[in-house]
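Data first, discussion second: the structure below is written as structure tokens.
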Amino acid sequence: MKKRPNRPKRARTTGRLTTLDDFLAGEGKREEFEAMAIKEVLAWQIEQAMKANKLSRSGLARRMKTSRSQVGRLLDPKDGNVTLATLQRAARIVGRSLRLELV
Numbered sequence: 000m001k002k003r004p005n006r007p008k009r010a011r012t013t014g015r016l017t018t019l020d021d022f023l024a025g026e027g028k029r030e031e032f033e034a035m036a037i038k039e040v041l042a043w044q045i046e047q048a049m050k051a052n053k054l055s056r057s058g059l060a061r062r063m064k065t066s067r068s069q070v071g072r073l074l075d076p077k078d079g080n081v082t083l084a085t086l087q088r089a090a091r092i093v094g095r096s097l098r099l100e101l102v
């Protein structure tokens with residue numbers, strides 16, 4: 000039996016356009032998408048602070064007392080398995096702080 004390739008799901012509409020929020024909510028992906036976006040922004044901000052401090056990934060790993068590959072995972076926007084403690088440690092080392100808010 001021949002398998003069909005996975006096709007992207009289409010938004011369910013009733014003859015009107017849909018928003019990205021509506022589409023993601025309908026597909027049950029909104030929370031996952033938001034979490035990925037937050038992680039991507041945090042990774043970018045840490046990298047920018049590293050550049051401003053002339054700190055390499057190896058240097059950050061040394062200061063965090065962790066491996067270079069762990070820092071790679073921290074800075075990988077697609078890797079969502081990073082703890083708040085790790086983010087806080089990295090932020091502190093690059094001269095920043097991590098602030099979480101419920102809005």
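Numbered by numbering that gives the first Met the number 0, the letters in the sequence shown go through residues 0 to 102 in order.
Just so it is clear, CB atoms sit at the ideal spot from N, CA and C, and this is done for glycine as well.
Between A89 and L99, the gap from beta carbon to beta carbon reaches 8 Å or more.
Across the set R61, F32, K50, L54, the C-alpha of F32 shows the shortest separation from the C-alpha of D78. Annotation for V70: the continuous alpha helix (DSSP H) segment containing it runs 67-74. Here K38 is buried, its C-beta having at least 16 other C-beta atoms within 10 Å.
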